[in-house]
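All remarks here apply to the structure that follows.
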Amino acid sequence: MTTIVAHAAFEAGGPLRPLSYTPAPLGPHAVEIEISHCGLCHSDIHLIDDSWNRSAYPLVPGHEVVGTIAAKGASVAHLHEGDRVGMGWQRSACLECDLCRRGQENLCALQEATCIRHHGGLAGRIRADSRFVFPIPDGLPSAAAAPLLCGGVTVYAPLRRHGVDATKSVGVIGIGGLGHIALRMLRAFGCEVTAFSSSADKRDEALAMGADHFASSTDPRQIRQHLGRLDLLLSTVHARLDWTTYLQVLRPNGVLCLLGLPPGILQIPASVLVTGQRAIVGSDIGGRSVIAEMLRFAARHRITPEVQTLPMSEVNTAIDRLRRNQVRYRIVLEA
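The following block contains the structure:
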């Protein structure tokens, strides 16, 4: 009988400690992945702390998983033992509803997350539905591929959905774990890119990663220097900002897309939306086809996140660095 050894939180906000568990039997569409790398992001912190009131303990976080196929179910034909693969935030969906049939499995009402009510990837192995497991292209190192499986698709999906190409001007608010990946992807698309950050010391890094312009994300005067310039504005932050001013940097028909979750209620004058036909939308990871496309895109354009690595045994050190905002820009644990 298989036993999986993992790192788990046993109470909200507590440190991770060893957990051994017996997984469910390997179903016909399931695979078992021997994990080599697992990224950490702020969503894992929210799960550990039960900030979203969705956690059940013991909880094994980790949803940016890379490893090799160790075993597979009888119906798995597209993956083989030894293949290098990855999985992200989503572990399953019904695959039968209209949204699933349109390739929007991430919006399925019956979708399940990798580490909500299931044990995640801070472990030696994990079992998952093979239909939500993706081959990793040869050109992507495993440590760099792990954050792409969540953070990468989170920024890539809205770029594709909103028709970004080399004729567009795009802004990114927040040059952190998500924002720095967005800058590199936008450079590959050939866009004119403006980075908005509250950290002035990120200016040179943002310009090197693909930004053409840099402005303070909290200084209305600097923001207003870009009025009417942008087709799309991605917000990766969880902070309350001057959304009215930000909407005014959009061109007519421009879109403000929220990837982060700012607190409270957005209060926007209707006139700012009506005048110029501007829109505010949200975006939630992406469907399976978008994830596979994003991995190919990243490999072709050699897009890799800035990654700090630690051994899996130092998971609590990694979590502490993430809590203290001492990670620049993603952290990945290695087996």
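Residue numbers (our numbering): 2 to 336. Backbone N, C-alpha and C fix where the C-beta goes; we use that ideal spot for every residue, glycine too.
Among the options, whose alpha-carbon lies nearest the alpha-carbon of residue i?
| i | options | result |
| --- | --- | --- |
| H30 | P19, V67, P16, A94 | A94 |
| G178 | T246, D51, T237, Q105 | T237 |
| G83 | A71, G89, W90 | A71 |
| S284 | E97, L235, V134 | L235 |
| G287 | R126, L228, W90, I176 | W90 |
| C192 | A167, H181, S200, G180 | A167 |
| V156 | V291, D321, S218 | V291 |
| D187 | A209, S198, P136, R204 | Sequence inspection shows Leu at residue 187; the Asp mentioned does not correspond to that position. It is A209 whose Cα lies nearest to the Cα of L187. |
| V77 | D99, L48, Q112, L27 | L27 |
| L260 | P142, I174, A13, P136 | I174 |
| R303 | I182, Y330, R289, H227 | I182 |
| E12 | I46, C42, E35 | I46 |
| I176 | R230, I117, R331, G74 | R331 |
| P221 | D99, D243, A75 | D243 |
| G14 | P263, E33, D50, H43 | D50 |
| G140 | A319, R92, H227, M295 | M295 |
| S56 | A216, L267, T276, A9 | A9 |
| E33 | T69, N54, V6, H43 | T69 |
| A299 | Q223, S217, L150, D202 | L150 |
| D321 | H43, V6, P19 | H43 |
| N107 | R132, R85, I127, G74 | R132 |
| R241 | Q223, D202, G265, G229 | G265 |
| V67 | G229, R204, H163, G125 | G125 |
| G277 | R230, R161, R162 | R230 |
Who are the Cβ neighbours of residue i in its own chain at under 8 Å, not counting the five residues just before and after it?
| i | result |
| --- | --- |
| E335 | S37, H38, A144, T310, L311, P312, M313 |
| T4 | S21, Y22, T23 |
| C101 | A94, C95, C109 |
| R297 | P138 |
| P142 | T305 |
| L274 | L248, A280, I281 |
| A75 | P29 |
Under 7 Å Cβ to Cβ from residue i, same chain only, skipping five residues before and after it: list those, please.
| i | result |
| --- | --- |
| D232 | K169, S170, V171, R252, G255 |
| V165 | V171, F190, C192, L233 |
| A212 | L184, V194, T195, A196 |
| L262 | H239 |
| A319 | L41, L311, I332, L334 |
| K203 | I176 |
My understanding is that residue i touches residue j, with C-beta atoms under 8 Å, so please give their C-beta distance in whole angstroms.
| i | j | result |
| --- | --- | --- |
| L248 | R279 | 6 Å |
| P270 | T245 | 6 Å |
| M88 | A25 | So it is not a contact: roughly 16 Å between Cβ atoms. |
| G1 | E65 | No statement about residue 1 is possible, as the shown extent of the chain runs from 2 to 336 and does not include it. |
| P16 | N326 | Rounded, the Cβ-Cβ distance is 19 Å, inconsistent with contact. |
| V333 | P148 | 7 Å |
| P306 | G152 | 7 Å |
| L48 | I127 | Rounded, the Cβ-Cβ distance is 15 Å, inconsistent with contact. |
| A207 | S217 | Not quite, the Cβ-Cβ distance comes to about 12 Å (not below 8 Å), so this is no contact. |
Who are the Cβ neighbours of residue i in its own chain at under 6 Å, not counting the five residues just before and after it?
| i | result |
| --- | --- |
| C258 | P159, L235, V282, S284 |
| A293 | F135 |
| E113 | R92, S93 |
| T219 | S199 |
| H214 | T195 |
For the stretch 243 to 271, list the alpha helix (DSSP H) runs that are entirely contained and at least 4 residues long, ordered along the chain. Runs found: 244 to 249.
Would you call the stretch 50 to 67 in contact with the stretch 109 to 127, where contact means no fewer than 3 C-beta pairs closer than 8 Å? A contact is defined here as three or more CB-CB pairs under 8 Å, and the stretch 50 to 67 meets this definition with respect to the stretch 109 to 127.
Note down, one range per segment and in chain order, each beta strand (DSSP E) of at least 3 residues found wholly within the stretch 50 to 93. Runs found: 65 to 73, 85 to 88, 91 to 93.
Ignoring anything shorter than 3 residues, give me the beta strand (DSSP E) runs that lie fully in the stretch 136 to 179, in order along the chain. Those beta strand (DSSP E) runs which fall completely within the stretch 136 to 179 and span 3+ residues are 170 to 174.
What are the start and end residues of each continuous beta strand (DSSP E) run of 3 or more residues lying completely inside the stretch 276 to 330, in chain order? DSSP runs (the beta strand (DSSP E)) wholly in the stretch 276 to 330: 280 to 283, 308 to 312.
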